[in-house]
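Here the UniProt record's numbering is used: position 158 in the sequence shown is 158, and no number is missing along the way.
C-beta: ideal position from N, C-alpha, C; glycine also.
Structure first, commentary second.
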Amino acid sequence: CVWTDWIDVSYPDSSDKNSGDYETFENIELAIPSWECARVENISCRASKFPDTPLEHLGQVVECSVDSGLICNNSDQKVGGVIPMPVCLNYEISVCCTPNRPECLPTTTPSTTPSGSTSTVSSPPQTTTTVTPSQPPISPPTATVPPGSTPTATVPPGSTPTATVPPH
1 CVWTDWIDVS YPDSSDKNSG DYETFENIEL AIPSWECARV ENISCRASKF
51 PDTPLEHLGQ VVECSVDSGL ICNNSDQKVG GVIPMPVCLN YEISVCCTPN
101 RPECLPTTTP STTPSGSTST VSSPPQTTTT VTPSQPPISP PTATVPPGST
151 PTATVPPGST PTATVPPH
């Protein structure tokens, strides 16, 4: 398959609760008539303003699938996450497409059923990722103490100090 550049053909309307961001294959075909993709084999989705943040850390409900593309409904969003408003971020997708050329398309093999009729079976791989908000994992703080020095720590009142000392 061949990966596309990042595609962004839809922008969420923050004033419309029934709006959202819809980077669907149908919308891409409408916006870019020359776009051809015989079969989507893989997909990557990201927020355009947070390209290095994994979807699951954005605090939004988003569907990113090889069946339809990206779907984000404003009505599914809650206050919180990376923005303080219950609306979709603007997303973009990149897809790995099988080009619409005969040499790239899979061949199907007819099979004969017991009744003598012929059927063709073809099932491309399917991948669907639905992201729901979650808190990012919290890593415990770590400190490096130079050799020969004495480590010290300040413990807030009312808390219990704990420490893990690795073996030497």
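> Taking buried to mean at least 16 other C-beta atoms within 10 Å of its own C-beta, is residue 31 buried or exposed?
Replying inline: exposed
> Based on the DSSP secondary-structure assignment, which residues constitute the bridge partners of residue 27?
Replying inline: In DSSP, residue 27 forms no bridge with anything.
>> In whole angstroms, give me the CA-to-CA distance for residue 18 and residue 88.
In response: 11 Å
> For the stretch 29 to 44 against the stretch 75 to 91, are there 3 or more C-beta pairs whose distance is under 8 Å?
Replying inline: no
>> Suppose contacts are defined by Cβ-Cβ distances below 7 Å. Is residue 3 in contact with residue 64 by that definition?
In response: no
> In whole angstroms, what is the alpha-carbon distance linking residue 20 and residue 14?
Replying inline: 8 Å
> Mind checking residue 100: buried by the 16 CB within 10 Å criterion, or exposed?
Replying inline: exposed
>> Between the alpha carbons of residue 45 and residue 27, how many angstroms are there, rounded?
In response: 15 Å
> Which term fits residue 34, buried or exposed, when burial requires 16 or more other beta carbons within 10 angstroms of its beta carbon?
Replying inline: exposed
>> What ranges does the alpha helix (DSSP H) occupy inside the stretch 21 to 68, keeping only unbroken runs of at least 4 residues that lie completely in it?
In response: 25 to 31
> Where does residue 94 sit, in a helix, a strand or coil, going by DSSP?
Replying inline: strand
> Tell me which same chain residues have a C-beta within less than 8 Å of the C-beta of residue 72, skipping the five on either side of it?
Replying inline: 12, 20, 21, 22, 60, 61, 62, 63, 88, 89 and 91
> Which residues share a DSSP beta bridge with residue 81?
Replying inline: BP columns for residue 81 are empty, so no partner.
>> Just to check my reading of the structure: residue 79 and residue 58 have Cβ atoms closer than 8 Å, yes? What is that Cβ distance to the nearest angstrom?
In response: At roughly 14 Å, the Cβ-Cβ gap does not stay under 8 Å, so residue 79 and residue 58 are not in contact.
> With DSSP run on the structure shown, which of helix, strand or coil describes residue 18?
Replying inline: coil
>> Report the CB separation of residue 68 from residue 24 in whole angstroms; it is logged as a contact under 8 Å.
In response: 5 Å
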